[in-house]
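Only one structure is covered here, and it is reproduced in the block below.
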Amino acid sequence: MSTYELRSFDVPDGDSTLRVHAACSPGFPSPTGTPRVVLLHGSGLSHVAFLRVGGRLTRRGIAWFAPDFAGSGETAAASPAVDRAIARRALAEAGEGGAWVAGHSYGGARALGLALERPAGLNGLILFEPAVVHVLRDTGDVNWPSVVALLDTGLGDRRAFNADPEAWLRAFVDFWSAPGDYDRMPPAERGRFLATAGTVFAEVHALMEDTVSAADYATLDVSASVWDGDRSPPAAHAICQRLRAVLRSTDAQRLPGGHMTPFTHPDAFCDALAARLLPQAPSGAPPSA
Numbered sequence: 000m001s002t003y004e005l006r007s008f009d010v011p012d013g014d015s016t017l018r019v020h021a022a023c024s025p026g027f028p029s030p031t032g033t034p035r036v037v038l039l040h041g042s043g044l045s046h047v048a049f050l051r052v053g054g055r056l057t058r059r060g061i062a063w064f065a066p067d068f069a070g071s072g073e074t075a076a077a078s079p080a081v082d083r084a085i086a087r088r089a090l091a092e093a094g095e096g097g098a099w100v101a102g103h104s105y106g107g108a109r110a111l112g113l114a115l116e117r118p119a120g121l122n123g124l125i126l127f128e129p130a131v132v133h134v135l136r137d138t139g140d141v142n143w144p145s146v147v148a149l150l151d152t153g154l155g156d157r158r159a160f161n162a163d164p165e166a167w168l169r170a171f172v173d174f175w176s177a178p179g180d181y182d183r184m185p186p187a188e189r190g191r192f193l194a195t196a197g198t199v200f201a202e203v204h205a206l207m208e209d210t211v212s213a214a215d216y217a218t219l220d221v222s223a224s225v226w227d228g229d230r231s232p233p234a235a236h237a238i239c240q241r242l243r244a245v246l247r248s249t250d251a252q253r254l255p256g257g258h259m260t261p262f263t264h265p266d267a268f269c270d271a272l273a274a275r276l277l278p279q280a281p282s283g284a285p286p287s288a
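Final position of the sequence shown in numbering that gives the first Met the number 0 is 288; the numbers increase by one with none missing.
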C-alpha cells in the first residue's frame, strides 16, 4: 500500500488561477480525531523533500499534506506572494478539526506568516529553522544586524543574482549550511538545485523585504515548537533563540544534522513530530522503518 497520494488544487493568482500540486497521506484529511499536519518545504525543494518523513508519519497514524509552493515541484512559477494563498489553502484542506503546520526554512517563514492571519483551524506551529532573518534586526546584539545588512546587500541583491546565478546560489547554500557545501553536492543534485535558482532568489528577496518584526510574532496566541540542528550555522541558532523568546514556545529541540535535517535525518524529524502530535505515545515506542 502506498504511503502517499498526489493531489492538486487551484489558488488565485492575479486575474487567473494557479494549479498547485501536493502530496498527502492516503485519504487525507482522514477521520475526525486523526492528528494532522501540513508540511511546508524550504527553498529549492518541493513536497518530495517530505516524502520519507510523510511515509513514517502515515505508518504512525498521522495524516499529512505537503503542497508545492509556486515554482517548486510540479507547481508553475508565480510571484512568491501566491505562496501565502497556498499555505492558507493547504491548511483548509484539513477540514474540520484543523491541523498543525510544520515549516522548514522558507516554509517556516510562510507558516509564521499564515499564523499572523489568525486562520481558523491552525492548531499549532512546528518550525525548523524558519528563514525569518529579519527578527535579528532588533536583537540588541551588534553582530546580528550586521549579518542582516550583509544579506540585504548580498543574497537580497538582484544585480548580484543576475550577474552570476550560480555564485549567488553557492553563497545561499553555504550561508545556511557550511562553507563549501554547495561544491560538495553531487553534480546531479547541484544541477537540479541550480535549475530552481530563479525561484529561490524570488523567495529570498520576498523575505528580505518582509517588514514583520519579532514584536509582531509576539502577538501570536498559538502554541509553537521551534527546532534547530546541532550542526546548523550560528545565524540559524540565533533566529530560533529569538523566536523562542517571543513565541508561546512549548517545545525547543536541537535535532541531529544541519539546516536540511528534515531531508537528511527523516527518522529524527519524524520522531520529533510524532512526539509533538502524539504526546500520549510512549517514549520507548520502536522507531519507524
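Here a beta-carbon is modelled for each residue, glycine too, at the ideal position from N, C-alpha and C. What you are looking at is a predicted structure, and each value in this text was computed from that prediction instead of being measured.
Delimiting residues of the beta strand (DSSP E) encompassing residue i
i, result
"T16", "S15 to C23"
"G123", "L121 to F127"
"R35", "R35 to L39"
"T291", "Because the chain spans 0 through 288 in this model, residue 291 falls outside it and cannot be assessed."
"D193", "Per the sequence presented here, residue 193 reads as Leu, with Asp not at that position. Per DSSP, L193 belongs to no beta strand (DSSP E); it is in the alpha helix (DSSP H), P186 to A194."
Run of the alpha helix (DSSP H) containing residue i, from where it starts to where it stops
i, result
"P11", "Where P11 is concerned, there is no enclosing alpha helix (DSSP H), although the beta strand (DSSP E) it sits in stretches over E4 to D12."
"D182", "D180 to R183"
"V100", "Per DSSP, V100 belongs to no alpha helix (DSSP H); it is in the beta strand (DSSP E), A98 to H103."
"V81", "V81 to A91"
"D250", "Note, D250: premise wrong, no alpha helix (DSSP H); beta strand (DSSP E) at R247 to L254."
"V225", "Premise fails: V225 lies in the beta strand (DSSP E), S222 to G228, not in any alpha helix (DSSP H)."
"A65", "Per DSSP, A65 belongs to no alpha helix (DSSP H); it is in the beta strand (DSSP E), A62 to P66."
"E95", "No alpha helix (DSSP H) contains E95, which DSSP labels as neither H nor E."
"A159", "R157 to A162"
"G54", "L50 to R58"
"D320", "Past the boundaries of the shown model lies residue 320; the chain is included only from 0 to 288, so the question cannot be answered."
Beta-carbon gap between residue i and residue j smaller than 8 Å
i, j, result
"H258", "W175", "yes"
"F64", "A93", "yes"
"L90", "G120", "yes"
"C239", "V225", "yes"
"V131", "A108", "yes"
"L150", "M207", "yes"
"L254", "A244", "no"
"Y105", "S45", "no"
"A101", "V203", "no"
"D215", "H133", "no"
"R58", "L277", "no"
"A205", "P79", "yes"
Contacting residues, own chain, Cβ-Cβ under 7 Å from residue i (five flanking each side not counted)
i, result
"C269", "V52, R55, L56 and S287"
"H236", "D227"
"E95", "T31"
"R275", "I125, S224 and D250"
"V146", "L135 and A234"
"D180", "V172 and D173"
"T6", "For clarity, residue 6 is Arg in the given sequence; the question names Thr instead. Once the five neighbours on either side are set aside, the close Cβ partners of R6 are A21 and C23."
"D14", "none"
"M231", "The question names Met, but residue 231 is Ser in the sequence shown. Closer than 7 Å at the Cβ level, and outside the excluded window around S231, lie E128, G257 and H258."
Best match in the options for proximity to residue i [C-alpha to C-alpha]
i, options, result
"G97", "F27, G155 and E188", "F27"
"D137", "R241, P79, L5 and A194", "R241"
"A21", "A177, R169, E4 and D156", "E4"
"T2", "M184, S24 and S29", "S24"
"H264", "F160, F127 and M184", "F127"
"D12", "G60, R83 and S212", "R83"
"N161", "A177, G139 and A201", "A201"
"R117", "S248, S231 and T218", "T218"
Close-in-space but distant-in-sequence residues of the same chain around residue i (CB under 6 Å, 5 per side omitted)
i, result
"S282", "Caution applies to S282, whose pLDDT of 42 falls short of 50 and renders its modelled position unreliable; the value that the coordinates give is listed next. Answer for S282: no residue qualifies."
"L272", "none"
"S29", "A62"
C-beta neighbour in chain E for residue i, strict 8 Å
i, result
"D173", "Note that chain E does not occur in the displayed structure, where there is just one protein chain."
Close beta carbons around residue i, own chain, < 8 Å, minus the five adjacent residues each side
i, result
"R88", "F8, V10, V19 and P66"
"S212", "H133, V134, R136 and D137"
Whole-angstrom C-beta distance between residue j and residue i, which should lie under 8 Å
i, j, result
"W99", "N122", "5 Å"
"A110", "L39", "6 Å"
"A69", "A62", "That belief does not hold up - the Cβ atoms of A69 and A62 are roughly 24 Å apart, past 8 Å."
"L154", "A196", "Actually they do not touch by this definition, with Cβ atoms about 12 Å apart."
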